[in-house]
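Residue numbers (the UniProt record's numbering): 1 to 406. C-beta: ideal position from N, C-alpha, C; glycine also. Predicted, not measured: the structure shown is a model, and the values here were computed from it.
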C-alpha cells in the first residue's frame, strides 16, 4: 500500500542504524533564513500562479504517496492545481528547505495526530523531505495506528498517529472505521496519548469527523459497552474533548522539549452555488481557485469549534500551543481536491462510480502535490522560528490568531 520499502517494525534491525549519519548541514554557512515577523498574519493573503517554483516535488517522484492522493496517476486530466503558491499580504513565506528542516529534525520525532487530513499533511511532508535522503536509508513502516517514515541518516522519524477524535472512540481502528454510529468517550485519552510522550513536535487536528451530525454520541462514564451512550450537542462534546486534551498536555508534556501545534479547519467544497457555479456538482471539474478575495467563501464551517480551539490554546500557559490557521487560505482552493481521481474503500473509483459524482466525489482530501504542501511550509516556518528564538533564549512576542471571516 505504501511505496519504496514497507515493512513491519519487527523487520527493522539494528543494522539499519549502523551506517554513517548524514553529514551535518552547515546551516551557519548559508545566507540567513528570512523568517516573517511573528506579528505577520500568514493566513491572510492570496494564491499566485507560479509554474516555476511550484510544485515543490513531482507526484511520480514521491514513491511514498498513496493512491488516494495521486490524482494525475488516477486520471485527472488537468494539473493546474499544482502551480499556485500562497502569498501572505504583509510578508513572505520562506521556501521549504528540506536540508534545513531535517537538520532541525536530527535525532528527533515529529508526529501528526488526528484524522485523514492530518495523514494527508503527513504524506506531503514526507514528499518534501525524501529527495535529500539516500536511497535505502528511508522507509515507511505501518503498524496499528502508526505510520512512521524513517529518515535513518538523520535518526529522525516523521510519524502519523490515527486518532480522529483525539480521545478514545469506537472509530479508532485505522483500517475499519466506516461505521454508522460514531461514539466518543470524551474524558478518556490515555489509550492514545501514551504514544505521544517523548515526541519533539506534536501536530494535532480534529474536525471533519464531527460534522456528520449536530449531536454527538457520547459513551456514558463507567459503561460496559459503546451501546451505552447519550447524545450531546456537538460543541459541548468538542469542548469536553479539548479540555481532556489540554489537561493531558499540561500534565504530561515538557514544553522545554516538545512543541505543540494545532491545525484549524480544512474545508469541504460541496457547495458550488457559493462560488457562483450554479450548475456544478460539489468540486467536480473545478480547475481554478476562487479568486474573489474581497468576498470570502461561506463553506458552512462550524466556527464555534474554531473559536473554541483558539481560546483554549491562548489560555494554555504551561504548555504553549501554536494554532496554525489553514482555514481561510484553503477555502479558496475548490480546485485542489481529489474529487473523482481517488480511492474508495481501498479501490480506485470505477467508471460507474465516477458517473455519480454527487455520491462519490471526494471534496475533502487534497491531491498531492498541492495545498497541504503550503500547510507544511507554514509549519516549517513556525518550527524554524521556534528553533531560532530558542537558540537565542528570547521568545517571540505573543500574538492573537486572526479568525476566518464570519
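Secondary structure at residue 247, three-state DSSP: helix, strand or coil?
-> helix
How would you call residue 24, buried or exposed, if buried means at least 16 neighbouring beta carbons within 10 angstroms?
-> Flag for residue 24 reads exposed.
Nearest-angstrom Cα distance between residue 314 and residue 40?
-> For residue 314 and residue 40, the gap between their C-alpha atoms comes out near 17 angstroms.
By Cβ distance below 6 angstroms, which residues in the same chain neighbour residue 170 in space, the five residues on each side in sequence not counted?
-> 183, 226
Put residue 386 into one of helix, strand or coil per three-state DSSP.
-> helix
On the three-state DSSP scale, how would you describe residue 88?
-> It is a strand residue.
Assuming residue 165 contacts residue 206 (C-beta within less than 8 angstroms), just tell me the rounded distance between them.
-> 6 angstroms
With respect to the beta strand (DSSP E) encompassing residue 322, which residues constitute its N-terminal and C-terminal limits?
-> From DSSP, the beta strand (DSSP E) with residue 322 extends over 321-324.
Excluding the 5 residues preceding and the 5 following residue 196 in the sequence, name in chain order all residues of the same chain whose CB lies nearer than 7 angstroms to its CB.
-> 111, 113, 202
Ignoring anything shorter than 3 residues or poking outside the segment 105-153, list the beta strand (DSSP E) runs there in chain order.
-> List check, beta strand (DSSP E) in window: 109-114, 138-143, 146-151.
Can you tell me whether residue 419 is buried or exposed, with buried defined as 16 or more other CB within 10 angstroms of its CB?
-> Because the chain spans 1 through 406 in this model, residue 419 falls outside it and cannot be assessed.
Would you decide whether residue 178 is buried or exposed? Buried here means 16 or more other CB atoms lie within 10 Å of its CB.
-> With a threshold of 16 other beta carbon atoms within 10 Å, residue 178 falls short and is exposed.
Does the segment 59-77 come close enough to the segment 96-110 to have 3 or more Cβ pairs within less than 8 angstroms?
-> no
Answer with buried or exposed for residue 237, where buried requires no fewer than 16 other C-beta atoms within 10 angstroms of its C-beta.
-> buried
Could you check how far apart the C-beta atoms of residue 369 and residue 59 are, in whole angstroms? I think they sit under 8 angstroms.
-> 6 angstroms
If you count every other CB in all the chains shown that lies within 10 Å of the CB of residue 359, and 16 or more means buried, which is it?
-> exposed
CB-CB length for residue 215 against residue 231, believed under 8 angstroms | Rounded to the nearest angstrom, the Cβ distance from residue 215 to residue 231 is 4 angstroms, consistent with a contact under 8 angstroms.
To which residues of the same chain is residue 174 closer than 6 angstroms at the C-beta, ignoring the five residues directly before and after it?
-> 145, 162
Buried or exposed for residue 143, please, with buried defined as at least 16 other CB atoms from any protein chain shown within 10 angstroms of its CB.
-> Classification of residue 143: exposed, given that the 10 Å Cβ count is below 16.
Alpha helix (DSSP H) runs contained entirely in the segment 279-338, provided each spans 4 or more residues = 303-315, 327-331
Opening and closing residue of the beta strand (DSSP E) in which residue 365 lies = 362-366
Consult DSSP for residue 47 and reduce its assignment to one of helix, strand or coil.
-> If DSSP states are grouped into helix, strand and coil, residue 47 belongs with the strands.
Provide the residue span of the alpha helix (DSSP H) that contains residue 159, from first to last.
-> Not the alpha helix (DSSP H): residue 159 falls in the beta strand (DSSP E), residues 156-162.
Range covered by the alpha helix (DSSP H) that runs through residue 67 = First-last for residue 67: undefined, no H or E at that position.
Reduced DSSP secondary structure (H/G/I, E/B, other) of residue 238 = helix
Inter-stretch contact at 8 angstroms, needing at least 3 Cβ pairs: the segment 371-380 / the segment 79-94 | yes
The segment 332-349 contacting the segment 49-65, beta-carbon criterion three pairs below 8 angstroms | no
Range of the contiguous alpha helix (DSSP H) that encloses residue 177 = Note, residue 177: premise wrong, no alpha helix (DSSP H); not H, not E.
Coarse secondary structure for residue 267, derived from DSSP in three states | coil
From 101, 63, 260, pick the residue whose C-alpha is nearest to that of residue 384; which is it?
-> 101
Where the alpha helix (DSSP H) through residue 190 begins and ends | 190-193
How do the segment 259-270 and the segment 316-324 stand: do at least 3 beta-carbon pairs fall below 8 angstroms, yes or no?
-> yes
Round the Cβ separation of residue 366 and residue 120 to the nearest angstrom and send it over; I've been treating them as touching at under 8 angstroms.
-> 6 angstroms
Beta-carbon gap between residue 249 and residue 274 smaller than 9 angstroms = Not in contact: residue 249 and residue 274 (Cβ atoms no closer than 9 angstroms).
Would you call residue 346 buried or exposed, if buried means 16 or more other Cβ atoms sit within 10 Å of its Cβ?
-> exposed
Using the rule of at least 16 other Cβ atoms within 10 Å of the residue's Cβ for burial, across every protein chain shown, is residue 194 buried or exposed?
-> exposed
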